[in-house]
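S.K.: Residue numbers (our numbering): 1 to 1197.
All C-beta atoms, glycine included, are put in the ideal place defined by N, C-alpha and C.
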């Protein structure tokens, strides 16, 4: 500024000497420089130091010697001799007085009546009065600043403007601030000095005499500064003051700049400090600090900083003041100079072939080669200008635009940095097409794009970079052809690394160049197929790859439109993949499947891509075929195998979902069931589970497809078993793996099985060793294990062997469930079927899952093998549902036409065949499930041999033991048997089935099953409580058998689940029994009440409030029977008398009824009747029921 032109500021050398108290450097200062630092030096020499060392004593002597020859020292010594305590008190009183008067200028306590002007009074005054004059004037300015509310002003002060007294006033200011720091904080003094002329000079002197306050003063000035400093006089004065402070202490300039960015104030100061730094550095080898600083502001993650600096750029362009004094103009000029410094020179190398093209246009300049050392700087410069124009809204001048275009269209060397530079240049050309304004520049751009196409292969081969600019060119061309301008904008922003607002309309000219002059659609598709696949494609390879181009071409149906086969390219790319999975692979497969099944247009339904052949699918899984070669080295990576598995599953699902649309065209062929059986789906899923982080969303996508199409491979039991297999137990097993276990072979296992009848020890040892192997290592032993499984059905096989076989089977089930199930079902067939060599296939078992239960009957009493059988049954029931659903979808188009033709109603409206077929399928599945449940319940029943054995044992026990308690204990011991264990396994499966589909439970109980199984099913199936919902409906059935079954079931449910709902249903059943009593004939009444009357005992035991209703029902039943007997003229007085006696003597003690007869009644048996009349027998049943209820009520059991 002009006001500082004649003033001498403190040099950086002098400030450093003061900061470090370097006496030698201080002695080297000139007299004018030393004069500026006298206040601090004099105080340093006169005040008692805290440092009492000998070194400081010597330095102090040097300082005194230095000050001895300076005349101004005497005046400063006089200033230090004043009573500062009294001065502070007077200043405080004056502050309080001004506060009371509201800031009005009244009588001053510090300064009495002034006879002359302030400057003249200062000259004539002694040291105490000078201090008072300066302090009074400074306090006035500080008060005015605090009352200004941020509005800037210039305070005209004769004391601070007179050039004659500036040195003396500066001395007074420094002494005042040093002696009165609480009254005059240095940050507030610095803020006040901004509002007087020569304030920056005073501020620098003040800080130079207190060097430790530099950072504090700078932060205070920045914090109180404007957000946009060049918009106001105050902002420019503040920026200039801080700039002078940083010139005085250049080592802290970058820290001050960091404060500017942190506070988002004074952007011009940050740029100015950076420009000063660039002038001092002068480095040309690396990216300059100006480029790095501005790029960091605009491309950083702090949106507040980005907006703040962008506003500085926009406001700076609108300013009407002189350009040369604008910090923005200085920054643009410096950036242009740096840009011109790295501009390439004309190359004499690989451009000869381009010069021939320029003969037609002599005005077009030849392309220039960019030096290798300037490539990184050029890339940084391009990104900076992109940020300035796209984010900050900078409008380039003609000169800037011309130089930028020259840099963008230059040729870098074939290095990775060169590839990056070309990509950035290309994207900048798309982002700012206005840089190309003349026909000559447009022709130059076209030639440069042609060079990119021609040199892409050379750059990729030389640099070794997989993601080169050739793929980006191809991708942009495809976007232009499909008019996906927003996708081009996203691509440009992604490559540049910034979000730029690009109008789609601005790309029209570039679209014309690409689609008509460089890349036609046919050229694009032909070129894309010839592009080699990316080797070892993974997510670590960034940038734009051939896969991006193929994906866009598939989406736009360019391949089918121009009849270009893309199947082989996609197959090769899937095979050339590795982890971590590239995110574009799954979308590529999805759009490829869609292009196979959906034609590009209705006019041309044949325009589809070809699917991958079955042989190609199988080739990917070479090395995973079952048998001895399982451990051989796989040809393809696990990623490729998972991708092909995803393709096949997704293809089949999409094909089934589009059966109706595909019915009007040639239906694509689905993959055969034999192919799917050869793919180790579960093994691959298990491998994918351990690679979830590296496979991205592929694992979840595969699970979704499995749950839909292969639900039998997604059973909860299997997942829980896998958790055990992959846990710490498996790790411990690997540690205990012995060489003997590794030497086992399927042949040795088969030999051990053949010797099981004579020597089971060898088989047990072999199986124990196999338990240490992993699931994958067990695969070769699966066939041998299943081949001789029937040998384990003999009664003398140790239970330990059976348990180990069960564990091995479950382990193999985690990797090869479908093939294992087929082998197991065939191995457990009865001997008659084995002799006929009847082998079931996977398809047979899915069509009829009940084949699993047509096994050797000895399996029903072998719990470990029965566990395996139930697991397979559950799986095949789920598989059958999926199979039938798929079959329904596949044949929907075939069955709908004849149904519509032959099922016309009276009004000519066809019935809905799809609904009918769906209902038939559901009915078939329900029948299938209920049949399985009925068979399983039948298995729970003891056989005739088991019944006779149990009866003989009980009779023997009754002959030897008379005590009822001991008999019960022995009965409990008999429950610990294979039958009981099989019953528990079956109940667990039924529980799962009832939870999965409650309708199965309803259907089974409406069908009914032996009542002797009710205690087992109610106690063993926790989900059977849902029967309470439909028992009222079952009671309403007209068949007596169903009503009897419902009451018997309810009696057990009431004991097991004594709930309010059970009480209401029990009361309903009692009412039903009372109603039925009045309408049934004698024979039906006897058939109904004989099995249902004992159920009333359970009702009363569970719900005592039902005693009255039950008693009334029993009395009514007895009376009906007695009346009927009376009509036959029989003597029934004893019976009636007995019933009345029981009703009147209900409180009789239970000891009267303890005996053999009561025991027989408890067990549901009747006393041997004297008459065979049904009514008499029913009366006896009523009496026995009465006795049991009374006994239960009194004893409480």
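In whole angstroms, what separates the C-alpha of residue 1038 from that of residue 1079?
M.R.: The straight-line gap from Cα to Cα measures roughly 13 angstroms.
S.K.: Let's test the definition: count the other Cβ atoms within 10 Å of the Cβ of residue 794 and tell me whether it reaches 16, buried, or not, exposed.
M.R.: Classification for residue 794: exposed.
S.K.: Check whether the Cβ atoms of residue 183 and residue 301 sit closer than 9 angstroms, and answer yes or no.
M.R.: Their beta carbons are not under 9 angstroms apart, which means residue 183 does not touch residue 301 by this criterion.
S.K.: Taking the straight line between their C-alpha atoms, what separation do you get for residue 679 and residue 651?
M.R.: So the two alpha carbons sit approximately 15 angstroms from each other.
S.K.: Rank 409, 316 and 611 by C-alpha distance to the C-alpha of residue 430 and give the top, closest one.
M.R.: Nearest C-alpha to residue 430: 409.
S.K.: Taking a contact to mean a Cβ-Cβ separation below 9 angstroms, would you say residue 172 touches residue 139 in this structure?
M.R.: Not a contact, by the Cβ cut-off of 9 angstroms.
S.K.: My parser needs the alpha helix (DSSP H) runs of 4 or more residues fully inside the stretch 792-837; what are they?
M.R.: Fully enclosed alpha helix (DSSP H) runs of 4 or longer: 799-813, 817-827 and 831-835.
S.K.: Would you call the stretch 573-581 and the stretch 683-697 in contact, with 3 or more CB pairs under 8 angstroms?
M.R.: Enough Cβ pairs lie closer than 8 angstroms, so yes.
S.K.: If you draw a straight line from the C-alpha of residue 1000 to the C-alpha of residue 1041, how long is it?
M.R.: Their Cα atoms are separated by approximately 20 angstroms.
S.K.: Do you know how far the Cα of residue 399 is from the Cα of residue 455?
M.R.: If you take the alpha carbons of residue 455 and residue 399, they lie about 30 angstroms apart.
S.K.: If you follow the alpha helix (DSSP H) that residue 246 is in, where does it begin and where does it stop?
M.R.: Unbroken alpha helix (DSSP H) run through residue 246: 233-248.
S.K.: For residue 56, I'd like the list of residues in its chain whose CB is within less than 8 angstroms of its CB, leaving aside the five on either flank, ordered along the chain.
M.R.: Once the five neighbours on either side are set aside, the close Cβ partners of residue 56 are 49.
S.K.: Helix, strand or coil: which one does DSSP assign to residue 528?
M.R.: Looking at residue 528 - three-state DSSP - the assignment turns out to be helix.
S.K.: In angstroms with no decimal places, state the Cα-to-Cα distance between residue 943 and residue 831.
M.R.: If I take the Cα positions, the gap works out to 20 angstroms.
S.K.: Which value, in whole angstroms, describes the spacing of the CA atoms of residue 560 and residue 423?
M.R.: Each residue's Cα considered, the two are about 30 angstroms apart.
S.K.: Among residues of its own chain, excluding the 5 on either side of residue 78, which ones have a beta-carbon nearer than 7 angstroms to its beta-carbon?
M.R.: Around residue 78: 127.
S.K.: Out of curiosity, what's the CA-to-CA distance linking residue 401 and residue 389?
M.R.: Cα-Cα distance, rounded: 11 angstroms.
S.K.: Under the rule that 16 or more other beta-carbon atoms within 10 Å means buried, what is residue 40, buried or exposed?
M.R.: Flag for residue 40 reads buried.
S.K.: Which first and last residues belong to the alpha helix (DSSP H) in which residue 1095 is found?
M.R.: 1095-1102 is the extent of the alpha helix (DSSP H) around residue 1095.
S.K.: Quick check on DSSP: helix, strand or coil for residue 861?
M.R.: Helix.
S.K.: Restricting to Cα atoms, I'd like to know which of 857, 814 and 542 is closest to residue 689.
M.R.: It is 814.
S.K.: Helix, strand or coil, according to DSSP, for residue 1202 in the structure here?
M.R.: Residue numbering for the chain in the displayed model covers 1 to 1197; residue 1202 lies beyond these limits and cannot be assessed.
S.K.: Roughly how many angstroms lie between the CA atoms of residue 840 and residue 1031, to the nearest whole one?
M.R.: Roughly 40 angstroms between the two C-alpha positions.
S.K.: With 16 as the cutoff for other CB atoms within 10 Å, does residue 154 come out buried or exposed?
M.R.: With fewer than 16 Cβ atoms within 10 Å of its Cβ, residue 154 is classed as exposed.
S.K.: Do residue 610 and residue 567 have their CB atoms nearer than 9 angstroms?
M.R.: In this structure, residue 567 lies closer than 9 angstroms to residue 610 by Cβ.
S.K.: On the DSSP bridge list, what partners appear for residue 411?
M.R.: The partner list for residue 411 (beta bridge, DSSP) reads 369.
S.K.: Compare the C-alpha of residue 181 against each of 1084, 406 and 85 and name the closest.
M.R.: It is 85.
S.K.: In three-state DSSP terms, what is residue 92?
M.R.: Note: residue 92 maps to helix in three-state DSSP.
S.K.: Could you give the first and the last residue of the continuous alpha helix (DSSP H) run that contains residue 229?
M.R.: First-last for residue 229: undefined, no H or E at that position.
S.K.: Below 9 angstroms between beta carbons: does that hold for residue 1099 and residue 1051?
M.R.: In contact: residue 1099 and residue 1051 (Cβ atoms closer than 9 angstroms).
S.K.: How would you write the range of the alpha helix (DSSP H) that residue 495 sits in, first residue to last?
M.R.: Taken as a continuous stretch (DSSP letters only), the alpha helix (DSSP H) holding residue 495 covers 485-496.
S.K.: Can you pull the DSSP bridge partners for residue 684?
M.R.: Answer is none; residue 684 lacks a bridge partner.
S.K.: Taking the alpha helix (DSSP H) that residue 145 falls in, what are its first and last residues?
M.R.: Looking at the DSSP string, the run of the alpha helix (DSSP H) that includes residue 145 is 127-146.
S.K.: Taking just the CA atoms, how far does residue 868 sit from residue 856?
M.R.: Distance between the alpha carbons of residue 856 and residue 868: 13 angstroms.
S.K.: Given residue 1243, which residues of its chain have a CB within under 6 angstroms of its CB, disregarding the five upstream and five downstream residues?
M.R.: The structure shown does not extend to residue 1243, since the chain is modelled only from 1 to 1197, so the question has no answer here.
S.K.: CB-CB under 7 angstroms to residue 713, same chain, minus the five flanking residues each way: which ones, in chain order?
M.R.: For residue 713, where only same-chain residues beyond five positions count, the Cβ hits under 7 angstroms are 681, 682, 706 and 817.
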